[in-house]
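To start, the structure under review is shown below, and the notes come after it.
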Amino acid sequence: MIPVETVRRVLAEALRNGGDLAEVYLESKETLGLSLDDGRLERAIRGNDVGGGVRVFYGETAAYAYTDDLSEPALLEAARAAAAAARGTGAPRVLVDLTRRQSPLSFPIEKPFEALSEGEKAALLHRMDETARRHSPYVTQVQAGYHQLRRRVWVFNSEGLWAEDDRQILEFRIAVTAQRNGVLQRIGSGVGGQMGLELLDRDDPVALAREVAESAVIMLDARPAPAGEMTVVITNGWGGVLFHEACGHAMEADFVTKGTSAYTGMVGERVASPLVTAVDDATLPGRRGSFRFDDEGTPAQRTVLIEEGVLREYMWDLTEARRVGRTSTGNGRRQSFRHMPMPRMTNTFIAPGPHDPEEIIRSVRRGLFVKRLGGGQADIARGDFVFSVTEGYLIENGRLTAPVRGATLVGNGPQVLRQIDMVGTDWALDRGMGMCGKGQVARVSVGQPTIRVPKLTVGGTDQTITGQMGV
Amino acid sequence: MDYLQLAEDVVKRVAAQGAEAEAYIVVGRESQVQVDQGKVEKLSHAGSKGLGVRVIVNGRMGYAYTSDFSAASIEETWRAALALARAADPDEHRVLPDPQPIPDEDLEVFDPALEQVPMEEKIAFALAVEEATLGADPRVALTNRCTYADSVASVYLVNSRGFAGHYRHSFAVSYVIAIGRDGEEQTMAFGLDASPFLADLDPQAIGQEAGEKAARLLGGQPVPTQEGTVVFSPIATAELVGALAQALTAEAMQRGRSFLLGKMGQDVASDVVSLLDNGRLRRGLASAPFDGEGVPTRATRLVDEGVLQAVLYDTYTAHREGRASTGNAARSSHRTPPTLAPTNFYLQPGSLSPEEIIAGVEQGLYVLSTMNTGGINPVSGDYSVAARGLWIEKGRLTYPVNEVTVAAPLERLLKQVQAVGNDLRFVPFGGIFGGPTIRVDGMTIGGR
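Right, dumping it as structure tokens:
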């Protein structure tokens, strides 16, 4: 997007006060978002965001300056700002030649975004809306959304790195509100991936609309969730968000090098039940956390975090890797050129285990089955987490019975990992809607098979059965 | 570049195509410093700008934005907005507001000093926060994300009905996460302050808050599950207030997405509860002379001594009911069209000191911080959050409590607010929400 000669001059300018490494990051982001609410296509937004940033590493300091003006003078000015901030004293560096790296990964786009007009995309949202409403007279509100994103990145650094990536992400979202006799329930979900409109043939958003409407109507009959400790079975796919929040973040290197993570210094040690193997894999085609190169130009890789209960590796970006003198695992991601990279998860999941998922439910005398988790949050230092259950069912004598509402799962990630005593064969990734917030927003995937946690605190509003729950 | 002129040009060109138009331009500078162990860890500095164009053709709305101000890109942007307007569905209430006079008063939202502050001073500020955090208690082992950040921006808004306005605002914020350690055990707690004016921020207070909290929470244990009294600290109240705000917009009401639906004019809270939204609060983080579509901001009393009296409107929701906007169209950036949102939204403080409130509790939980991940539902009125704090025994704060949830249906919670403190505080978490210490009886504390 910019002549390589210009990039060389910008890198040279960035290192004019010395510094260990200089990097130029360029980005172009084109988006189209359509939102339907109340049966109407209300929002139609097209966006164009172009910019670049210059980063200079100097000892343990990283200085960054960015601009939305990609002219050579503007980039040189950003380079000077970053160089000045780093306050280097060393001699100017000689640059090695920039060589473009190739990736063996292929993320083909079968049906480009342009294969459908804006009007046809809007018509799909109308079909989702109509399908959800047709499901039940109790469906009172439907919101549906379409989002396409093409994000191209170019990364260069003073060690000769030149990497390019082109990521195309598609998402459909739906939220359905059902109402009956003064009771309201709202459930949201989505499908998507790193792909073109072929998504429509793989995971039909109209079918999703029907499923979500079904769940919202079922939840109208939900009774208040019980509170207290009990056995909890968490569904496959999106259920993996619990691992992501309560354990995955603690394996991101920034928390580890700081010593704030519960997993600091634990590589090689048993941190989970032997049934648990956990992986972060940015190479999976079609997944929204995937890329060919991360936002620092490191090739995507598959990283085994936990192998049969033993901690094997953390997730590293360049900054943290440089701090301890090792290589990055390709987890350096940034929200945009306005942000500095940080270690982030990509597609993160618990691997399949030996148990039949139906057997897992059958094994519970009294407990909670979590079918749909809302968002979640965790405290990295302790691994304490809290999650809301948007669709849950009581398990009584090995069978799913009444739906329950208002439940939250409260616990400690590292403890839960040690306690997991059944892991299903039904491994799946989520359907492509994960957004992770860690100061910056990143698209991620999560996944797992059905798992059983023998004892977990459920917060709810109903105390009447406290103390009677459990296996 | 004359940005007001640029906005006017864009509006004129779209209007020439027979459409209504609004151009929003924001041009700013921002910087951020993060320190660790007495050294600068990250430092960034940037200039940025953006244009957002909203086009309405017979009630059909399209929006497009760009950060590229070349003539070609600007034309492409307004043409894209025009094309999208034609693909959208019509809605007769989708209109631009007519210009109204903007009161001439200084809201104190721009600190000229922030344009001059050298980087060295910002670094020194962040370092002072770190020092104060570590100095707060010997059990504070280290800090995380110890940050100072600021921004200065100019906003330009023009519409085809004749509105043209401009203002400048600034924002300085500093925060830190303190890590408390005692043997194997670790706690995290944050300290934070934000203001349009740098001089309002005190690094000592920010660090001390984080450090003291992290140390105090060490050794926290769950308490038995019970029904009882919960005293919310101002930050915890502010989070609760943020959830209530979602249920108090005209959009939530018109679309049936509020647990307060159909309660206008009724008692919805105990009479010590009054909720306000004030877009003209002096030095308010969300204050501005006009809102995101050019309507003058104002103060709106939503709940007055327990009675639901009003909700928040933008031009669209107001038009649907044939009333006036309350000046609550917000712009989070040039990348989105205006959306209905609160400004400075808060629970009105009372006269009791927090100490007096705690002293009046025989037994209960004093909540220092809450974690919400969706257990708050403004539609169904469910409220359940994870909480940490200190146990109150005979009017005194005693041992730390962790791994508990506090829950109650919002409808019941509001009616069981027994006391409201005088220590109002605003926090910038996904909006500008404020609250004092409050006491709520009859909540479910879920623990062991």
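Taken in order, these protein sequences are the chains called A and B. Residue numbers 196 to 666, in this note's numbering, belong to the letters of the first sequence in order. Residue numbers 7 to 454, in this note's numbering, belong to the letters of the second sequence in order. Using N, Cα and C, we set each Cβ at its ideal position, and we do this for glycine too.
Excluding sequence positions up to five before and after Gly435 (chain A), its CB lies within less than 8 angstroms of the CB of Thr543, Phe544, Ile545, Leu624, Asp625, Val641, Gly642 and Gln643, all in the same chain and listed in chain order. Scanning its chain for C-beta atoms nearer than 8 angstroms, with the 5 sequence neighbours on each side dropped, one finds around Ala205 (chain B) the residues Asp117 and Ala119, in chain order. Neighbours of Gln380 (chain A) across chain B, judged by C-beta separation under 7 angstroms: Ser386. Chain A places no beta carbon closer than 7 angstroms to that of Tyr154 (chain B), leaving this residue out of the contacts. Classified as exposed, Gly634 (chain A) has fewer than 16 neighbouring CB atoms from the shown chains inside 10 Å of its CB. The beta strand (DSSP E) runs lying completely inside the stretch 503-562 of chain A and spanning 3 residues or more are 542-545, given in chain order.
For Thr411 (chain B), the nearest CB of chain A lies under 7 angstroms from its own CB, placing it at the interface with that chain. For Trp349 (chain A), the CB contacts under 7 angstroms within the same chain, skipping 5 residues up- and downstream, are Met196, Leu221 and Glu359 in chain order.
The C-beta distance from Ala138 (chain B) to Gly213 (chain B) rounds to 3 angstroms, short enough to fall under 8 angstroms. Shortest Cα-Cα distance from Pro107 (chain B) to any of B:Glu245, B:Arg304 and B:Pro384 involves B:Arg304. Listed along chain A is no residue with a C-beta nearer than 7 angstroms to that of Met259 (chain B); the closest approach is about 12 angstroms. In the structure shown, the three-state DSSP call for Asp396 (chain A) is helix. From the beta-carbon of Ser331 (chain B), no residue of chain A is found nearer than 8 angstroms; the closest lies around 17 angstroms away. What Gly246 (chain A) touches in chain B, judged by beta-carbon distance under 7 angstroms, is Ser73, going in chain order.
Asn165 (chain B) is outside the set of residues whose beta carbon lies under 7 angstroms from a beta carbon in chain A. Between Ala257 (chain A) and Lys48 (chain B) the beta-carbon gap is near 5 angstroms, inside 8 angstroms, which marks them as a contact.
The C-beta of Asn383 (chain B) has 16 or more other C-beta atoms within 10 Å across all chains shown, which makes the residue buried. Less than 7 angstroms divides the Cβ of Ile185 (chain B) from the Cβ of Thr455 (chain A). In this structure, the alpha-carbon of Gln369 (chain B) lies about 5 angstroms from that of Glu399 (chain B).
Between the C-alpha atoms of Gln422 (chain B) and Thr450 (chain B) there is a straight-line separation of about 12 angstroms.
Here the stretch 452-467 of chain A makes no contact with the stretch 479-488 of chain A; the two share fewer than three CB pairs at distances below 8 angstroms. If you ignore the 5 residues before and after Pro344 (chain B), its C-beta comes within less than 6 angstroms of the C-beta of Gly298, Glu299, Ala335 and Arg337, all in its own chain and listed in chain order. Residue pairing for Leu595 (chain A): DSSP places it in a beta bridge opposite A:Ile590.
Any Cβ of chain B closer than 7 angstroms to the Cβ of Gly654 (chain A) would place that residue at the interface, and such an atom is present. The Cβ-Cβ distance between Ala277 (chain A) and Thr262 (chain A) does not fall below 7 angstroms. Taking 4 residues as the shortest admissible run, the stretch 444-501 of chain A contains the following complete alpha helix (DSSP H) segments, listed from N- to C-terminal end: 448-453. Its Cα nearest to that of Gly453 (chain B), the residue B:Trp397 stands out among B:Gly427, B:Leu430, B:Trp397 and B:Gly441.
The CB of Met194 (chain B) comes closer than 8 angstroms to the CB of Thr455, Asp574, Ile575, Ala576 and Arg577 in chain A, given here in chain order. Interface criterion not met: the Cβ of Tyr220 (chain A) is under 7 angstroms from no Cβ in chain B. Arg539 (chain A) counts as buried, since at least 16 other C-beta atoms from the protein chains shown sit within 10 angstroms of its C-beta. With a minimum length of 3 residues, the unbroken runs of beta strand (DSSP E) contained wholly in the stretch 216-274 of chain B fall at 232-238. Straight-line spacing of the CA atoms in Lys219 (chain B) and Ser37 (chain B) works out to 28 angstroms. The C-beta of Ala134 (chain B) has 16 or more other C-beta atoms within 10 Å across all chains shown, which makes the residue buried. Sequence-ordered contacts of the stretch 9-34 of chain B with chain A are nonexistent [C-beta pairs closer than 8 angstroms]. In this structure, the CA atom of Ala457 (chain A) is about 7 angstroms from the CA atom of Gly578 (chain A). Bridge pairing for Gly56 (chain B): B:Val32 [DSSP].
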